[in-house]
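In my numbering, the protein residues as written are 8 to 188.
Note that the Cβ used here is the ideal one computed from N, Cα and C, for glycine as well.
All remarks here apply to the structure that follows.
What follows is the structure, given as structure tokens:
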């Protein structure tokens with residue numbers, strides 16, 4: 008079981024690294040003249056569509072909402088710290104190494120964009136924005152509901168969500184340890 012935010016941002020960060028590196032290599036090899044005239048308009052359109060999509064995912068609208076799935080999350084059945092995947096030490100190794108992911112994404116996108124056209128970089132940008140927006144929606148849901156959102160367990164539906172409540176902040180005290188007010 009892993010926190011949903013960690014899951015999404017562990018996917019998004021390597022995708023962003025791959026977007027930046029692939030675009031940098033493309034511009035270094037072909038220069039800005041290798042880009043079509045409509046390139047930057049398309050990039051801004053993709054970002055604008057994802058900004059709208061992010062806003063719709065955060066709402067409770069029927070066909071667009073991701074937050075509605077989070078609202079249906081079940082309480083986490085096992086106390087925190089009893090599964091081996093909950094122990095994140097200093098030398099924790101994720102299931103797939105973090106440094107390999109951007110290399111795999113670049114290995115898929117970079118040859119196509121260098122030998123053909125830069126269109127695959129737009130697809131990688133779309134994926135990076137999608138994973139980032141899912142992580143942002145989950146972060147907002149956690150903040151509003153004062154709960155940590157977890158993604159499924161082994162042997163169960165991997166898209167099943169669980170939550171653990173976060174204890175409320177203690178009331179502030181004065182220097183004499185009297186309650187405020």
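I need the DSSP call for residue i, collapsed to helix, strand or coil.
{"i": "residue 123", "result": "coil"}
{"i": "residue 45", "result": "coil"}
{"i": "residue 108", "result": "helix"}
{"i": "residue 68", "result": "coil"}
{"i": "residue 94", "result": "Since pLDDT at residue 94 reaches only 42, below the 50 mark, its modelled position is unreliable, and no value is offered."}
{"i": "residue 154", "result": "strand"}
{"i": "residue 19", "result": "helix"}
{"i": "residue 184", "result": "coil"}
{"i": "residue 38", "result": "coil"}
{"i": "residue 73", "result": "coil"}
{"i": "residue 174", "result": "coil"}
{"i": "residue 139", "result": "helix"}
Suppose contacts are defined by Cβ-Cβ distances below 8 Å. Is residue i in contact with residue j by that definition?
{"i": "residue 73", "j": "residue 141", "result": "yes"}
{"i": "residue 155", "j": "residue 10", "result": "yes"}
{"i": "residue 169", "j": "residue 75", "result": "no"}
{"i": "residue 178", "j": "residue 153", "result": "no"}
{"i": "residue 139", "j": "residue 19", "result": "yes"}
{"i": "residue 146", "j": "residue 12", "result": "yes"}
{"i": "residue 144", "j": "residue 34", "result": "no"}
{"i": "residue 118", "j": "residue 25", "result": "no"}
Which residues does DSSP list as the beta-bridge partners of residue i?
{"i": "residue 81", "result": "169"}
{"i": "residue 10", "result": "157"}
Looking at C-beta atoms only, is the number of pairs between the region 117–137 and the region 27–35 that lie closer than 8 Å three or more? yes
Does the region 114–126 come into contact with the region 35–44, if we say contact requires no fewer than three beta-carbon pairs (one atom in each stretch) closer than 8 Å? yes
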